[in-house]
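Working notes for the structure below.
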Amino acid sequence: MGLRAQDLTLIQRAALLSGQSEWETRRIVKAGIEPIVLSDGPNGIRRQTGSGDHLGLGASKPATCFPTAGTVANSWDPKETEKMGKALGEEARTLGVQVLLGPGINMKRNPLCGRNFEYYSEDPQLAGYLAAGFIRGIQSQGVSSCPKHFAVNSQELRRQASNSVIDERTMREIYMTAFEIAVKAARPWTLMTSYNMVNGVYAHENKHLLADILRGEWGYTGMVVSDWGGSNNIAASAAAGASLEMPAAGLASVREIMQAVESGELSEKDVTERAQEVLDLIGRTQPSGQRKDGFLTDRQIAEHHRIAREIAEKSIVLLKNEPGKDGVPVLPIRWGARLAVIGDMAQTARYQGSGSSKVNAARVDNLLDELSRREGITVSGYAQGYDRQGASHPELAAEAAALARRKDVDELIVCMGLDERSESEGLDRSTMQIPRAQVSMLEELKKAGKPIIIVLVSGSSVETDWLEGTQAAVYIGLSGQAGACAAANILMGDVNPSGHLAETWPLRYEDVPSAGNFPSAERDSVYREGPFIGYRYYSTAGIPVRYPFGYGLSYSTFEYNAIRADDDGVSVTVRNTSQVAGDTVAQMYVGRSQDTSGVLRAVRELKGFRRVHLEPGESKDIRFSFDGYTFRHFDTQTGSWQVESGAWDVWVGTDADTLPLHITHVVRGTVDPGVLPGQFGHYRGADIRHLTDGDVAYLLGHRQKKYDNHGVFQAEDIISSWSRSRSWVARMIVRILERRAAAVLRKTGSPDLNMLFTLNMPARAIAKMTHGMVSPQMVREGILDIPNKHFWRGIGHLVSGYAGNQIKNKQTHKEIEE
Numbered sequence: 001m002g003l004r005a006q007d008l009t010l011i012q013r014a015a016l017l018s019g020q021s022e023w024e025t026r027r028i029v030k031a032g033i034e035p036i037v038l039s040d041g042p043n044g045i046r047r048q049t050g051s052g053d054h055l056g057l058g059a060s061k062p063a064t065c066f067p068t069a070g071t072v073a074n075s076w077d078p079k080e081t082e083k084m085g086k087a088l089g090e091e092a093r094t095l096g097v098q099v100l101l102g103p104g105i106n107m108k109r110n111p112l113c114g115r116n117f118e119y120y121s122e123d124p125q126l127a128g129y130l131a132a133g134f135i136r137g138i139q140s141q142g143v144s145s146c147p148k149h150f151a152v153n154s155q156e157l158r159r160q161a162s163n164s165v166i167d168e169r170t171m172r173e174i175y176m177t178a179f180e181i182a183v184k185a186a187r188p189w190t191l192m193t194s195y196n197m198v199n200g201v202y203a204h205e206n207k208h209l210l211a212d213i214l215r216g217e218w219g220y221t222g223m224v225v226s227d228w229g230g231s232n233n234i235a236a237s238a239a240a241g242a243s244l245e246m247p248a249a250g251l252a253s254v255r256e257i258m259q260a261v262e263s264g265e266l267s268e269k270d271v272t273e274r275a276q277e278v279l280d281l282i283g284r285t286q287p288s289g290q291r292k293d294g295f296l297t298d299r300q301i302a303e304h305h306r307i308a309r310e311i312a313e314k315s316i317v318l319l320k321n322e323p324g325k326d327g328v329p330v331l332p333i334r335w336g337a338r339l340a341v342i343g344d345m346a347q348t349a350r351y352q353g354s355g356s357s358k359v360n361a362a363r364v365d366n367l368l369d370e371l372s373r374r375e376g377i378t379v380s381g382y383a384q385g386y387d388r389q390g391a392s393h394p395e396l397a398a399e400a401a402a403l404a405r406r407k408d409v410d411e412l413i414v415c416m417g418l419d420e421r422s423e424s425e426g427l428d429r430s431t432m433q434i435p436r437a438q439v440s441m442l443e444e445l446k447k448a449g450k451p452i453i454i455v456l457v458s459g460s461s462v463e464t465d466w467l468e469g470t471q472a473a474v475y476i477g478l479s480g481q482a483g484a485c486a487a488a489n490i491l492m493g494d495v496n497p498s499g500h501l502a503e504t505w506p507l508r509y510e511d512v513p514s515a516g517n518f519p520s521a522e523r524d525s526v527y528r529e530g531p532f533i534g535y536r537y538y539s540t541a542g543i544p545v546r547y548p549f550g551y552g553l554s555y556s557t558f559e560y561n562a563i564r565a566d567d568d569g570v571s572v573t574v575r576n577t578s579q580v581a582g583d584t585v586a587q588m589y590v591g592r593s594q595d596t597s598g599v600l601r602a603v604r605e606l607k608g609f610r611r612v613h614l615e616p617g618e619s620k621d622i623r624f625s626f627d628g629y630t631f632r633h634f635d636t637q638t639g640s641w642q643v644e645s646g647a648w649d650v651w652v653g654t655d656a657d658t659l660p661l662h663i664t665h666v667v668r669g670t671v672d673p674g675v676l677p678g679q680f681g682h683y684r685g686a687d688i689r690h691l692t693d694g695d696v697a698y699l700l701g702h703r704q705k706k707y708d709n710h711g712v713f714q715a716e717d718i719i720s721s722w723s724r725s726r727s728w729v730a731r732m733i734v735r736i737l738e739r740r741a742a743a744v745l746r747k748t749g750s751p752d753l754n755m756l757f758t759l760n761m762p763a764r765a766i767a768k769m770t771h772g773m774v775s776p777q778m779v780r781e782g783i784l785d786i787p788n789k790h791f792w793r794g795i796g797h798l799v800s801g802y803a804g805n806q807i808k809n810k811q812t813h814k815e816i817e818e
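Listed below in structure tokens is the structure:
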């Protein structure tokens, strides 16, 4: 039997509820408790040495960089995410990591979220089952997975002090179902809360999220950890069901718990339960009390590079493949073709995002080298073509155009996409467009009149009107360290493309339902669009898109027919009608007409998917089983899940807009429809553009209250808001931080994540990120005096507070080890 929390003193139990360093839980020598290591790793282990940081800035051990979640999702294959998770779990053990902080399964509410590359999809069914596979793979190796960020986390701006205002039904059905599926199907040992508030309560101390839903309804018994610096009130968190605050809040948190128990604010039972959750995880991931802390072997590096390539191959999406002059599609590249390879990203691969998920890749392929070594084709030349940071350099485009016109060039392979600073933790994208310098170069290349094959690099959707006039396009996403080899295999036809988009690509950003209110620069981020995100909106409102959710071409062709339904599910027959073996992704959607439903709903929703391999001419029967998620909706009146009785539409096809098979199925539900025409206002038909305040109030069940600090800066106000302070010192602090961030961006082309984190950080987080040097009291009675125009008083409080805090810390540490 492992350690029991009740055998520890109360102060030792309290000490277990906060970390001791950037990555470690607390060591308690007297009780024989050794720390475990938590590390970033949604697409590769970021095992830092030394004190470390949580933003991906410091050095880390070499590890395999797999495709990001937003790219892996295009495989629509939980077996692939499980394979990736298993490899990551093995590397975590080798590198001395017990908890891997991933996967990210927040919904892609808006294409501009800077962290979309870390999230699977805009659909909770797809994200949930992909996450479950990932979790199972990691935990098969004795390492804990940690799905994140729970919950309703959709923007990077103000992420530590944003309030997600959302109606209960949308929250349950869209933003929490992926977590529900992952928790119930894979039972993760750890789960991470998000920085933001949800309807006015911080996620890490939100009893409704943690106690009522996660632990109550879903039966979760594992450890709940804060995002780094995301703990607000440790006593409230423990009472709500949160186990551990990270990274290193210092011993003031221990004293706060002790004081809360003494005052009756927090029960000793809650402290014991939370401490036991930490102890259970330590025992589960480090049963011997010993841990490895080594480096990857040559075997692991080679084997996992192969696995990363195979996953990337299944995740690459063929967007376009038009016939050439001979009437045959341009791809795969023909034997004997002479190619010009163009684009900076072809030579210097961009294969991952920026921020805490950034991996020190063990090795990295690039497209130019991969194509240059292939037999049967000739790379006649390479041109950089553009400045990857977006600066205008016409001479680069002219050099590329000159290469394209050469007589020894038959086709152009053009690698384009978003640069490193466009997709990062800590900031949101400003546009859906790729840099103008790249588009201008492409327009020059089109003048050569030769077939153009685009290799598109980005972690999330972009506007692609510039694809007009090109002949083929493959979307490789952020495909990890072996992505270039995978892309070359697709281009050459060694691998048949089979990826399908896990998010909708709109024609233009203005078509996105949340375009008018994202990201929110104010404290409240109101989810005005309700359940109508992604394809749910476009299909219901009748808005045309560039590429629909689920879209993906192949070198094979497939035929879907013979749909039939029974009480347990739907079956269809799929046949490969080509001479090329390939994979298709069959997708099942369900819906009800708004005229026959008493519930506001999208016209159709994904409720099942199957990836199927078929040899030439082969047919297979595919089965989609109905389950508890298929027809349900959350009824806010009763606070329960219900199913409407009556006729439901069921479609099967290859994407949200290509659904050749349809059948009507009668469901015996738990409630009658109870149609109330006109009750939904402009939400009926997803007329999001004309929503009134009354419509939104109806959806939310209340009128939204605006936050106002009345000119007095609180611990929850972010540092950048000090720019409005009457104190010139506070304003100067903000200007210095902003100028430094801008200078680093100009110099390196990459965002200064430290500065961005600080600017978006609420003052309260200072006490959680300084290893105990600053206490919550010092924030309240010292730091906050600065923006509130009491500079000298604040300095005095800080000096005296620091001395007193050090004395208290020594005493607390002594009591823990007694």
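In full-length UniProt numbering, the protein residues as written are 1 to 818. In this text, a Cβ means the ideal position worked out from N, Cα and C, and glycines have one as well. No experiment lies behind these values; they were computed from the predicted model shown.
**Asked** Residue range of the alpha helix (DSSP H) that K184 falls in?
**Response** T177 to A186
**Item:** Secondary structure of C485, DSSP reduced to three states
**Value:** helix
**Asked** How long is the line joining the alpha carbons of A5 and A242, rounded to whole angstroms?
**Response** 16 Å
**Request:** Hey, could you find the ends of the beta strand (DSSP E) N496 is sitting in?
**Result:** N496 -> no beta strand (DSSP E), and no H or E assigned at all.
**Asked** Between which two residues does the alpha helix (DSSP H) harbouring V271 extend?
**Response** E268 to T285
**Request:** With distances taken Cα to Cα, identify the nearest neighbour of P547 among R528, D387, L691 and T654.
**Result:** Position check: residue 547 holds Tyr in this sequence, whereas Pro was assumed. Looking at the Cα atoms, T654 is the closest of the given residues.
**Asked** Between the C-alpha atoms of Q12 and R255, what's the straight-line distance to the nearest angstrom?
**Response** 11 Å
**Request:** Evaluate the contact criterion for the stretch 159-175 versus the stretch 126-136: three or more CB pairs, one atom per stretch, below 8 Å.
**Result:** no
**Request:** For the stretch 530-602, list the alpha helix (DSSP H) runs that are entirely contained and at least 4 residues long, ordered along the chain.
**Result:** 535-541
**Prompt:** Under 8 Å, do A92 and L100 count as touching if we go by C-beta distance?
**Reply:** yes
**Message:** Residues in the same chain with beta-carbon distance under 8 Å from A487, minus the five sequence neighbours each way, listed in chain order, please.
**Reply:** A312, I316, L367, E370, V455, V474, I476 and S479
**Message:** Do V364 and R46 have their beta-carbon atoms positioned less than 8 Å apart in this structure?
**Reply:** no
**Asked** Buried or exposed: which applies to P751, given that a residue is buried once 16 or more other Cβ atoms fall within 10 Å of its Cβ?
**Response** buried
**Asked** Going along the chain, which residues of its own chain have a beta-carbon closer than 6 Å to the beta-carbon of G102, five neighbours each way excluded?
**Response** G41 and P42
**Proximity to V201 [Cα-Cα], best of V799, F150 and A249** = F150
**Asked** Which runs of the alpha helix (DSSP H) spanning at least 4 residues fall entirely within the stretch 69-129, listed in chain order?
**Response** 69-72 and 78-95
**Prompt:** What does DSSP give as the partner residues of Y202 in its beta bridges?
**Reply:** M197
**Asked** Are the beta-carbon atoms belonging to E468 and A248 less than 8 Å from one another?
**Response** no
**Residues near R735 in its chain [Cβ-Cβ closer than 6 Å; skip 5 each side]** = none
**Request:** Write down every uninterrupted run of the beta strand (DSSP E) in the stretch 414-482 whose length is 3 residues or greater and which is fully enclosed by it, in chain order.
**Result:** 452-457 and 472-475
**Request:** Using only alpha-carbon positions, find the residue among S60, M176 and V512 that is nearest to G104.
**Result:** M176
**Message:** Short of 7 Å in beta carbon distance, which residues of its chain neighbour G417, apart from the five on each side in sequence? Order them along the chain.
**Reply:** M345, R350, I434, L456, V457 and S458
**Item:** For S121 and L507, the rounded distance between their alpha carbons
**Value:** 18 Å
**Request:** Using only alpha-carbon positions, find the residue among R668, E817, T25 and L614 that is nearest to G646.
**Result:** R668
**Item:** Residues near K320 by beta carbon distance below 6 Å, same chain, minus five either side
**Value:** A472 and A473
**Message:** Between the alpha carbons of S144 and L209, how many angstroms are there, rounded?
**Reply:** 21 Å
**Item:** Cβ pair T584, L606 closer than 8 Å
**Value:** no
**Asked** What number of angstroms, rounded off, separates the C-alpha of V152 from the C-alpha of A239?
**Response** 21 Å
**Request:** Return yes when at least one heavy atom of the ligand FMN lies under 7 Å from the C-beta of M192, else no.
**Result:** Absent from the structure shown: the ligand FMN. Ligands present: none.
**Prompt:** When the Cα atoms are used, what is the spatial distance from T577 to Y551?
**Reply:** 19 Å
**Request:** Would you grab the beta carbon distance between N199 and I166 for me? Rounded to a whole angstrom, and I think it's under 8 Å.
**Result:** 7 Å
**Message:** Quick check on E716: does DSSP put it in helix, strand or coil?
**Reply:** coil
**Item:** Close Cβ partners of A186 (< 6 Å) along its chain, the five nearest in sequence each way excluded
**Value:** A132, I135 and R136
**Request:** List the DSSP bridge partners of S145.
**Result:** L100
**Prompt:** Are the CB atoms of T573 and S525 nearer to each other than 8 Å?
**Reply:** no
**Message:** What residue range does the alpha helix (DSSP H) around G694 cover?
**Reply:** D693 to L700
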